[in-house]
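Heads up: the structure comes next, in structure tokens.
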Amino acid sequence: MLLRFTAPDMLNSALVDVSTGERAYDIVTVLLPPKPESEQENDDPTRSSQDRSTKEQRRTCIADPSGATLVSISWNGRHPDIVILDEKVGGLADLFGSSTVRFMPKILAVPTRFDTEYVWTATPHSLTLFDYDSETTKGTFYQNSIRLSTPFRSKAKLSSTAHFDSDPNPSTAPSSPLSSSSSLHSSASSALTSNASSPCICAPSHPRSTPTDCPKSSFISTYLPGVGSNYLEFCHHPLAHDIEIIVSFLMMEILRRGRFVLTPYTFEKPNMWQLKETRDLVLRRLRRYTV
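Going by my numbering, the sequence shown opens with residue -5, and the numbers climb by one from there.
And the structure:
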């Protein structure tokens, strides 16, 4: 499945199914009314206004085209409490099925709760879902990219098993064991503050999804925030609903930004956030080429 974000703010955007051109999901995040004054008086008066803002209450809802809510995320500051379909998942540790993350200096790896061989793999420049059993990439997040369409792959050449070609960049598909670990909860707290191409072959492996043929696509990264679009490409998994994979990708992107000290996601003023991300990107490149 290949989905395109219609807005740069990933928590306030529609997701369009590229194969059909139809809207598949709507993601909306709203700021909830402030707490009653009686509760605010009990807050520590020494806390700064910035500390108070991190405790603002928000809610993110993901709905299908009919308007039915599939996911509800309650944000207490920067900490999510997630409900997927009728299941109260909880926080990030519950979503990923682990309270720890394992990483090397340039790779962040987080397990999935639905398959022990599936691992979310993040680097400063990429975010993928990797299957260590088949050694293939099962999902990729393309950011600030221009999509180039190519003709449909012949059905006679389709494999009976859905898969992605392995990412040619070894940093996004590490084969060596990951050695160190840190708390997922603390990582989440700090986190919330490509030229690439891959075929999408969606096989009918998901009992709750109607698979469609996706065009093989190439993606050219512009490396400029706001230039191009954001795309999410992934294969269906028989043990996970598509919407869980989408939510996990969103949370992993927020974690990735915090882990590698990138411009953090902010709930407010997405245009200003884009400008700040562009400035940070230019400064990082200047430092890289002047040192």
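In this text, a Cβ means the ideal position worked out from N, Cα and C, and glycines have one as well.
All of these numbers come straight from a predicted model, not from anything done at the bench.
TODO: Between the Cα of Arg250 and those of Pro219, Phe135, Gly220 and Ser211, spot the shortest distance and give me the residue it belongs to.
DONE: Phe135
- [ ] Return the first residue and the last residue of the beta strand (DSSP E) that Leu26 is part of.
- [x] Careful: Leu26 lies outside any beta strand (DSSP E) and carries neither H nor E.
Open item on the list: Which residues does DSSP list as the beta-bridge partners of Arg52?
Closed with: Leu25 and Trp69
Open item on the list: Suppose you measure from the CA of Leu5 to the CA of Leu256; what does that come to, to the nearest Å?
Closed with: 18 Å
TODO: Note down the Cα distance separating Glu247 from Leu121, rounded to an integer number of angstroms.
DONE: 7 Å
TODO: Quick one: residues in its chain with C-beta nearer than 7 Å to the C-beta of Gly222, no 5 flanking neighbours on either side, listed in chain order?
DONE: Asn138, Ser139, Ile140 and Thr216
Open item on the list: Tell me the rounded alpha-carbon separation between Thr110 and Gly84.
Closed with: 20 Å
Task: For Asp11, three-class secondary structure by DSSP - done: strand
Task: Start and end residues, beta strand (DSSP E) containing Leu5 - done: Leu5 -> no beta strand (DSSP E), and no H or E assigned at all.
TODO: Can you tell me which of the three DSSP states Arg(-2) falls into?
DONE: strand
Open item on the list: In whole angstroms, give me the CA-to-CA distance for Ala116 and Gly252.
Closed with: 11 Å
Open item on the list: Given this structure, state the Cα-to-Cα distance separating Leu226 from Ser242, to the nearest angstrom.
Closed with: 12 Å
Open item on the list: Rounding to the nearest angstrom, what Cα-Cα distance links Asn70 and Phe90 in this structure?
Closed with: 19 Å
Open item on the list: Can you tell me whether Leu233 is helix, strand or coil according to DSSP?
Closed with: coil
Task: For Asp109, the three-state DSSP class (helix, strand or coil) - done: coil
- [ ] Alpha carbon to alpha carbon, how far is Arg52 from Ser68? Give it in angstroms, no decimals.
- [x] 6 Å
Task: Residues of its chain near Pro59, where Cβ-Cβ distance is below 6 Å and the 5 sequence neighbours each way are ignored - done: Arg17
TODO: Could you work out which residue in Leu123, Arg107, Leu(-3) and Pro258 is closest to Ile101 when comparing CA atoms only?
DONE: Leu123
TODO: Could you give the DSSP three-state label for Phe228: helix, strand or coil?
DONE: strand
Task: Contacts around Gly133, its chain only, beta-carbon distance under 8 Å, and the 5 residues preceding and following it disregarded - done: Thr122, Leu123, Phe158, Leu226, Glu227, Phe228, Cys229, Ile239 and Phe243
Task: Inter-residue spacing [alpha-carbon to alpha-carbon] between Arg72 and Asp20 - done: 21 Å
Open item on the list: Do Thr54 and Thr23 have their beta-carbon atoms positioned less than 7 Å apart in this structure?
Closed with: yes
Task: The beta strand (DSSP E) enclosing Leu256, as first and last residue numbers - done: Per DSSP, Leu256 belongs to no beta strand (DSSP E) and is neither H nor E.
Task: Enclosing beta strand (DSSP E) for Asp125 [first to last residue] - done: Ser120 to Asp125
Open item on the list: Quick check: what's the CA-CA separation for Lys49 versus Asp125?
Closed with: 36 Å
Task: Whether Lys210 touches Thr131 by CB criterion (7 Å) - done: no
- [ ] Would you mind stating whether Leu291 and Leu9 have Cβ atoms separated by less than 7 Å?
- [x] Residue numbering for the chain in the displayed model covers -5 to 285; residue 291 lies beyond these limits and cannot be assessed.
TODO: Would you identify the three-state DSSP class for Ser180, choosing helix, strand or coil?
DONE: Low confidence applies to Ser180: its pLDDT is 47, below 50, so where it sits in the model is not reliable, and the reading given next is rough at best. Three-state DSSP puts Ser180 in a helix.
Task: Of the residues Ser128, Phe108 and Gly220, the one placed nearest Arg231, counting alpha carbons only - done: Position check: residue 231 holds His in this sequence, whereas Arg was assumed. It is Phe108 whose Cα lies nearest to the Cα of His231.
TODO: For Asp75, I'd like the list of residues in its chain whose CB is within less than 6 Å of its CB, leaving aside the five on either flank, ordered along the chain.
DONE: Ser68
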